[in-house]
Structure formats: structure tokens, C-alpha cells
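When the letters of the sequence shown are read in order and numbered with this note's numbering, they come out as residues 1 to 130.
Using N, Cα and C, we set each Cβ at its ideal position, and we do this for glycine too.
Data block below; observations after.
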Amino acid sequence: MPNHDRFECQTAIDSDAILQDTAEDYYATYSPLWGQYPEALLFVNWLYNHSSVLHERAEIIKCAEMLMQEDDFEICESILRQQKLLRERIDETLSEEIVQKCRNINGEYVWPWILPFSAAGMKHSSIQHQ
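See below:
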């Protein structure tokens, strides 16, 4: 494999490292607020671990894993195109679909990230950041 082909694949892998840096910057910027607004941390945790969001992330990570193992430049280009399409599909549609109030066992409508606490009879005002 020519060096420029390997460079292109490595560049794609490096772009994933940039995304990691962005996530770390986001955490550093907003984590102080989570102590003031613990419900926000519950939301971020719920969203990050939602099965639909996990599926989106898994597809992008799968492309990155394939790139690390691929030596063929044309195949790398195809994987990069697929990864780009996956990233471009990320928009508000999924958020609008999953961020909906749901009914708890008491018949009250609450946000899904509050649901585990509402079942225990806790109000979101009593949720504390640790």
C-alpha cells in the first residue's frame, strides 16, 4: 500500500480522535453546570445510553474499526463515504422522536430521564448531583 493511501486512512482515524477531544471539551465546559442542574446530567446520561443513539454511534465506530484494519485505498474511501453519510444523517429527527414524556406507574407524565426517580416517589427537585 502506498504511503499516501495509509496517510488517508490514518487521517480518518485522527478525525475520530478530534471527535473525542470535542466530547472532552464539552464535558469540561458544561460539567460545572451539572452540579447546579442535576436533571441536565440525568438527561445527558439517558440520551448517551439510549438504544437508538447507541445504534447511531455503533455504526460510526464500526466504520472506524474497519478503517484501522484496511490497507486498500479504494475500500478506505468507500468506508469514509459511508462514515460521512452516517454523520450527515444525525439531525433533530431522532431527538424529536425519543424526547417525549412518558407515564410513570402513578399515571403522571414525566421525562424519560426522570422516570426511574418518579417510580421511587422522588420529585426532580430532590435529585442531587454527586
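- If you look at residue 82, you'll find it in the alpha helix (DSSP H) that goes 73-88.
- With a cutoff of 7 Å on beta-carbon distance, residue 94 and residue 104 are scored as not near each other.
- In the three-state reduction of the DSSP assignment, residue 44 falls in the helix class.
- Relative to residue 59, the option among 84, 40, 32, 36 whose CA is nearest is 84.
- One Cα belongs to residue 26, the other to residue 100, and the distance between them is close to 24 Å.
- The three-state reading of DSSP puts residue 26 in helix, counting H, G and I together.
- In terms of Cβ geometry, residue 63 and residue 36 do not form a close pair [threshold 7 Å].
- Boundaries of the alpha helix (DSSP H) around residue 62: 51-69.
- In summary, residue 42 is buried, with 16 or more beta-carbon neighbours lying within 10 Å of its beta-carbon over all protein chains present.
- Looking from the CA of residue 57, the closest CA among 31, 87, 30 belongs to 87.
- In this chain, the alpha helix (DSSP H) harbouring residue 97 covers 92-98.
- Residue environment: residue 118 is assigned as buried (16 or more neighbouring CB atoms within 10 Å of its CB, all protein chains considered).
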